[in-house]
Amino acid sequence: MEPEVKEMEASTVETPTIKMDEAGTLAPVSSNSSSEQWREIADKTYSVLASLPEYLGRFFSEYRKPLVTVGLIFGSIVSVKLTLALLGAINDVPLLQPTFELVGLGYSIWFVYRYLLKASNREELGQEFNKLKDQVVGRVTQ
């Protein structure tokens, strides 16, 4: 009970042939069609670039308020990041951090002594705060 093995004849097996072109050869292109294609591309590019200032002017005039808002938001984020980086750099200088803490503590003690200990001084602080609030809101003081 041996399995029967059939041998294929060499004539029945076909080997695929690979056709190879010469290395470095390109398909011939007529010079008229390529120059016409370049001219079409150049004309389209010129028309887009010629209408670009008009398009940008119309876009900016139409969307002025949102662009200003986005610019202000972006500018404020950048300024906050720069301020925090600057404070971090100053905080790393060895003697500046304790010096600034002492200055802040001294100013806090002076503020409490000047404005918060006596009732008359607290009233003065309240009046100054109301004046500042009126100036910010836009009310005219006399």
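Take 15 as the starting number for the sequence shown in this note's numbering and just add one per residue. Just so it is clear, CB atoms sit at the ideal spot from N, CA and C, and this is done for glycine as well. Since the model is a prediction, treat every value here as computed from it, not as a measurement.
query: 7 Å CB neighbourhood of ASN135 in its chain, flanking five on each side removed; result: ARG128 and TYR129
query: LYS159: first and last residue of the uninterrupted alpha helix (DSSP H) it sits in; result: Past the edges of the chain, shown from 15 to 156, lies residue 159, and the structure says nothing about it.
query: Expected contact under 8 Å - CB spacing of LEU96 and ILE104 to nearest Å; result: No, LEU96 and ILE104 are not in contact; Cβ-Cβ is about 12 Å, not under 8 Å.
query: Delimiting residues of the alpha helix (DSSP H) encompassing ARG78; result: 78-105
query: Reduced DSSP secondary structure (H/G/I, E/B, other) of PRO108; result: coil
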